[in-house]
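The opening residue of the sequence shown carries number 75 in this note's numbering; numbering runs sequentially from there.
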Amino acid sequence: MTLSNRASESSSGLHFATIAHGGLIWDAYLHFEDDPRRPTSFRASIRFVPPTASADGGPTPAETTVLIIEESYDAAVAKARAFDDRQLQDFLRSALPGDPEET
75 MTLSNRASES
85 SSGLHFATIA
95 HGGLIWDAYL
105 HFEDDPRRPT
115 SFRASIRFVP
125 PTASADGGPT
135 PAETTVLIIE
145 ESYDAAVAKA
155 RAFDDRQLQD
165 FLRSALPGDP
175 EET
(Lines of atoms letter the chains of each structure in order from A; the text may use other names.)
(Lines give C-alpha, C1' and ligand atoms only; values in the text may rest on other atoms or scores of the structure.)
Protein backbone atom coordinates (compact mmCIF):
# COMPACT_ATOMS: atom_id res chain seq x y z
CA MET A 75 0.00 0.00 0.00
CA THR A 76 1.49 3.29 -1.05
CA LEU A 77 1.35 6.51 0.86
CA SER A 78 -0.69 8.12 -1.92
CA ASN A 79 -3.41 5.47 -1.52
CA ARG A 80 -3.65 6.20 2.18
CA ALA A 81 -3.73 9.93 1.53
CA SER A 82 -6.93 9.47 -0.48
CA GLU A 83 -8.83 8.35 2.60
CA SER A 84 -11.33 10.86 3.96
CA SER A 85 -11.18 12.22 7.49
CA SER A 86 -13.72 9.53 8.43
CA GLY A 87 -11.43 6.79 7.11
CA LEU A 88 -11.53 4.46 4.14
CA HIS A 89 -15.07 4.02 2.77
CA PHE A 90 -15.70 0.31 2.21
CA ALA A 91 -19.47 -0.26 2.35
CA THR A 92 -22.93 1.30 2.38
CA ILE A 93 -25.78 -0.32 4.32
CA ALA A 94 -29.41 0.35 5.18
CA HIS A 95 -30.49 0.47 8.82
CA GLY A 96 -33.41 2.14 10.58
CA GLY A 97 -34.76 3.57 7.35
CA LEU A 98 -31.46 5.34 6.60
CA ILE A 99 -28.50 4.63 4.37
CA TRP A 100 -25.25 4.53 6.37
CA ASP A 101 -21.71 4.76 4.98
CA ALA A 102 -19.16 2.47 6.66
CA TYR A 103 -15.56 3.64 6.99
CA LEU A 104 -12.51 1.77 8.21
CA HIS A 105 -10.81 3.93 10.82
CA PHE A 106 -7.20 2.93 11.53
CA GLU A 107 -5.71 3.60 14.94
CA ASP A 108 -2.02 4.28 15.38
CA ASP A 109 -0.44 2.17 18.11
CA PRO A 110 3.23 3.06 18.57
CA ARG A 111 3.69 -0.07 20.70
CA ARG A 112 2.72 -2.23 17.69
CA PRO A 113 4.12 -0.59 14.56
CA THR A 114 3.67 -3.78 12.50
CA SER A 115 0.00 -4.20 13.36
CA PHE A 116 -2.94 -2.54 11.61
CA ARG A 117 -5.83 -2.03 14.04
CA ALA A 118 -9.12 -0.61 12.84
CA SER A 119 -12.60 0.20 14.04
CA ILE A 120 -15.65 0.79 11.85
CA ARG A 121 -17.18 4.27 11.76
CA PHE A 122 -20.76 4.53 10.53
CA VAL A 123 -21.88 7.89 9.16
CA PRO A 124 -25.56 8.67 8.50
CA PRO A 125 -26.60 10.62 5.40
CA THR A 126 -27.34 13.83 7.32
CA ALA A 127 -25.55 15.49 10.18
CA SER A 128 -27.14 15.77 13.58
CA ALA A 129 -28.00 19.46 12.94
CA ASP A 130 -31.56 18.44 12.13
CA GLY A 131 -31.80 16.19 15.17
CA GLY A 132 -30.99 13.08 13.17
CA PRO A 133 -28.56 10.36 14.15
CA THR A 134 -24.90 11.10 14.70
CA PRO A 135 -21.96 9.00 13.51
CA ALA A 136 -21.28 5.84 15.53
CA GLU A 137 -18.03 3.91 15.91
CA THR A 138 -17.22 0.41 17.07
CA THR A 139 -14.29 -0.61 19.18
CA VAL A 140 -11.28 -2.08 17.37
CA LEU A 141 -12.64 -5.06 15.42
CA ILE A 142 -9.84 -5.71 12.95
CA ILE A 143 -6.20 -6.46 13.77
CA GLU A 144 -4.04 -7.55 10.85
CA GLU A 145 -0.37 -7.57 9.90
CA SER A 146 -0.89 -5.48 6.76
CA TYR A 147 -3.07 -2.62 5.61
CA ASP A 148 -4.32 -4.67 2.65
CA ALA A 149 -5.30 -7.60 4.89
CA ALA A 150 -7.24 -5.25 7.19
CA VAL A 151 -9.12 -3.72 4.25
CA ALA A 152 -9.86 -7.18 2.81
CA LYS A 153 -11.26 -8.34 6.16
CA ALA A 154 -13.53 -5.29 6.37
CA ARG A 155 -14.81 -5.81 2.83
CA ALA A 156 -15.56 -9.46 3.65
CA PHE A 157 -18.25 -8.50 6.20
CA ASP A 158 -21.75 -8.94 4.79
CA ASP A 159 -24.59 -6.42 5.24
CA ARG A 160 -26.12 -8.35 8.14
CA GLN A 161 -22.84 -8.31 10.06
CA LEU A 162 -22.34 -4.60 9.40
CA GLN A 163 -25.90 -3.86 10.55
CA ASP A 164 -25.18 -5.77 13.77
CA PHE A 165 -21.97 -3.78 14.30
CA LEU A 166 -23.88 -0.53 13.72
CA ARG A 167 -26.65 -1.55 16.09
CA SER A 168 -24.08 -2.32 18.80
CA ALA A 169 -22.41 1.09 18.31
CA LEU A 170 -25.60 3.16 18.44
CA PRO A 171 -26.62 4.70 21.77
CA GLY A 172 -29.77 3.54 23.49
CA ASP A 173 -31.55 0.24 23.94
CA PRO A 174 -30.54 -2.31 21.27
CA GLU A 175 -34.13 -3.60 21.23
CA GLU A 176 -35.34 -0.20 19.98
CA THR A 177 -33.10 -0.03 16.88
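Every residue, glycine too, gets a C-beta built ideally from N, C-alpha and C.
- By alpha-carbon distance to L166, the top candidate from T138, G97, G172 is T138.
- Comparing alpha-carbon positions, the option among Y103, G97, D159 lying closest to I142 turns out to be Y103.
- With 16 or more other CB atoms across the displayed protein chains lying within 10 angstroms of its CB, I93 is buried.
- Under the three-state reduction of DSSP output, S115 falls in the coil class, being neither helix nor strand.
- With a 10 Å radius around the Cβ and a threshold of 16 neighbouring Cβ atoms, A152 comes out exposed.
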